[in-house]
Ligand code: FAD
Ligand code: EPU
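In this note's numbering, the protein residues as written are 286 to 625.
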């Protein structure tokens, strides 16, 4: 018999909602069989990795499938390593595993919480590198046909915090394993602010890893102390005309030039300069040190978080005419909902 189970320890926001039942799967076969059975019985299900990008607003009336599948297989040819990794492996532990084996490239993405299976979904990224740079193949279960399907990098339609898994395949597939392709000839990526002091000729992957870990620990709140999901909004991409107009009014505006005449604005700057640092609704607050992060002061509910997010979207729009888009997935009583 299923038992209502608290999700509080299974999401980094620490939101205390329940689900009707929780199934933890530890092998690919079990993951596939469990998901297909629930799908065929038309039961509500939610696939959960590390819970570091979700906001639960209600008790979930269905089964939460917690992906804890493990396994890493390394193959190589003359130029590359190919790592086939089960969806439930920890992303950060994978980064450490690679470093210990002298397989380099992932070090800029150290300390991103969550599972390997979730990494392609929003194409995780940090410190100048995104997941798609190393993505070779994604294997997933297509729920309606029951087939295991493989997509190469191009087929995943990766973008900034985007992929096909958040678009047309949203909630229709379960990612089972990920194959990364890492070049044996390592080229360090040190263009991002805090890494720029390194020298391309002698920097090591370990030094980049250590620096990224240090900067992240100093900037981002530890979910064990203040529950959070990292950045709550994507950095908005606007046209050069919009950027120029804003820059003429706010000379300290922070923006980064992008391809094809666009700028990516620092959403943290917009929120801070809308006067919202530290602002709270119920137990949810804009983090004092990093305005792009919303934190749980200890007694937040998912609804506090969503009300705060809505308020931020409204105020930032009124002040800067820029629409912020939430990054985490918001889960209501039967599935995903939108913050409107
Ligand atoms: P979950 O939160 O468990 O799930 C997220 C979504 O993916 C849900 O919709 C879920 O249903 C779906 N999902 C999960 N696994 C599967 C699967 N196997 N198949 C199908 N669907 C699945 N993100 C960045 O990009 N860069 C950062 O620098 C970064 N920093 C962060 C810092 C902190 C402190 C925190 C808390 C979060 C940060 N994040 C960052 C966000 C988060 O770490 C990523 O989005 C991560 O990939 C989420 O992984 P997860 O396993 O926790 O996913
Ligand atoms: N800023 C402010 N005030 C703030 C916060 C930021 O003015 O309160 C300005 C600063 O000028 C800073 C700039 O915003 O220079 C950018 O801030 P930061 O370097 O901290 O990065 P971010 O834009 O807030 C993004 C990602 C992070 C990723 C870091 C490092 C998004 C939505 N967020 O954050 O990813 O770790 O860069 O690459 O793209 C996540 O997605 O959850 C996440 C944490």
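Here a beta-carbon is modelled for each residue, glycine too, at the ideal position from N, C-alpha and C.
Need the endpoints of the beta strand (DSSP E) that residue i sits in, please.
i, result
"residue 397", "From DSSP, residue 397 is part of no beta strand (DSSP E); its letter is neither H nor E."
"residue 445", "Looking at the DSSP string, residue 445 is not in any beta strand (DSSP E), and its letter there is neither H nor E."
"residue 598", "Note, residue 598: premise wrong, no beta strand (DSSP E); alpha helix (DSSP H) at 587 to 605."
"residue 453", "Segment: none, residue 453 is in no beta strand (DSSP E) and carries neither H nor E."
"residue 314", "Unbroken run through residue 314 is the alpha helix (DSSP H), 313 to 325; no beta strand (DSSP E)."
"residue 623", "Neither: residue 623 is in no beta strand (DSSP E) and is coded neither H nor E."
"residue 569", "569 to 571"
"residue 509", "It is not in any beta strand (DSSP E) - residue 509 carries neither H nor E in the DSSP assignment."
Here's the rule I'm using: 16 or more other beta-carbon atoms within 10 Å means buried, otherwise exposed. How should residue i be labelled?
i, result
"residue 363", "exposed"
"residue 415", "buried"
"residue 510", "exposed"
"residue 570", "buried"
"residue 337", "buried"
"residue 502", "exposed"
"residue 601", "buried"
"residue 394", "buried"
"residue 469", "exposed"
"residue 380", "buried"
"residue 318", "exposed"
"residue 514", "buried"
"residue 591", "buried"
"residue 386", "exposed"
"residue 625", "exposed"
"residue 536", "exposed"
Along the alpha helix (DSSP H) that carries residue i, what are the first and last residues, could you check?
i, result
"residue 548", "Where residue 548 is concerned, there is no enclosing alpha helix (DSSP H), although the beta strand (DSSP E) it sits in stretches over 547 to 550."
"residue 494", "490 to 504"
"residue 426", "No alpha helix (DSSP H) holds residue 426; the beta strand (DSSP E) holding it covers 420 to 427."
"residue 533", "525 to 534"
"residue 543", "That residue, residue 543, is in no alpha helix (DSSP H); its beta strand (DSSP E) goes 540 to 543."
"residue 382", "376 to 385"
Hey, residue i and residue j are a contact pair by Cβ (cut 8 Å); roughly how many whole angstroms apart?
i, j, result
"residue 463", "residue 320", "17 Å between Cβ atoms; not a contact."
"residue 358", "residue 366", "About 11 Å separates the two Cβ atoms, so there is no contact after all."
"residue 505", "residue 453", "Their Cβ separation, rounded to whole angstroms, is 31 Å, which puts residue 505 and residue 453 out of contact at 8 Å."
"residue 553", "residue 576", "5 Å"
"residue 342", "residue 616", "7 Å"
"residue 421", "residue 396", "Actually they are not in contact, since the Cβ atoms of residue 421 and residue 396 sit about 23 Å apart, beyond 8 Å."
"residue 619", "residue 346", "6 Å"
Please identify the residue among the options whose C-alpha is closest to the C-alpha of residue i.
i, options, result
"residue 489", "475, 562, 360", "475"
"residue 297", "596, 609, 582, 620", "582"
"residue 522", "567, 542, 505", "542"
"residue 391", "406, 368, 407, 372", "368"
"residue 608", "292, 595, 617, 616", "595"
"residue 448", "421, 516, 408, 616", "408"
"residue 597", "467, 559, 289", "559"
"residue 622", "455, 311, 419", "455"
"residue 287", "566, 294, 305", "305"
"residue 301", "599, 625, 592, 588", "588"
"residue 371", "324, 424, 325", "424"
"residue 465", "625, 325, 361, 294", "361"
Counting only beta-carbon atoms, is residue i nearer than 8 Å to chain D?
i, result
"residue 620", "Checking the listed chains, one finds no chain D in this structure; it contains a single protein chain."
Checklist entry - Should the stretch 486 to 502 be called in touch with the stretch 432 to 442, which here means at least 3 C-beta pairs below 8 Å? => result Verdict: no, contact absent.
Next on the checklist: With three or more beta-carbon pairs closer than 8 Å as the criterion, would you say the stretch 343 to 351 touches the stretch 479 to 488?
Outcome noted: Between the stretch 343 to 351 and the stretch 479 to 488, the count of C-beta pairs closer than 8 Å stays below three; the two stretches do not touch.
Checklist entry - Between the stretch 518 to 532 and the stretch 544 to 554, do at least 3 Cβ pairs fall closer than 8 Å? => result A contact exists between the stretch 518 to 532 and the stretch 544 to 554.
Next on the checklist: Can you confirm whether the stretch 324 to 338 touches the stretch 395 to 412 when touching is taken to mean that 3 or more C-beta pairs between the two stretches lie within less than 8 Å?
Outcome noted: As far as the Cβ criterion goes, the stretch 395 to 412 touches the stretch 324 to 338, which means the pair count is three or higher.
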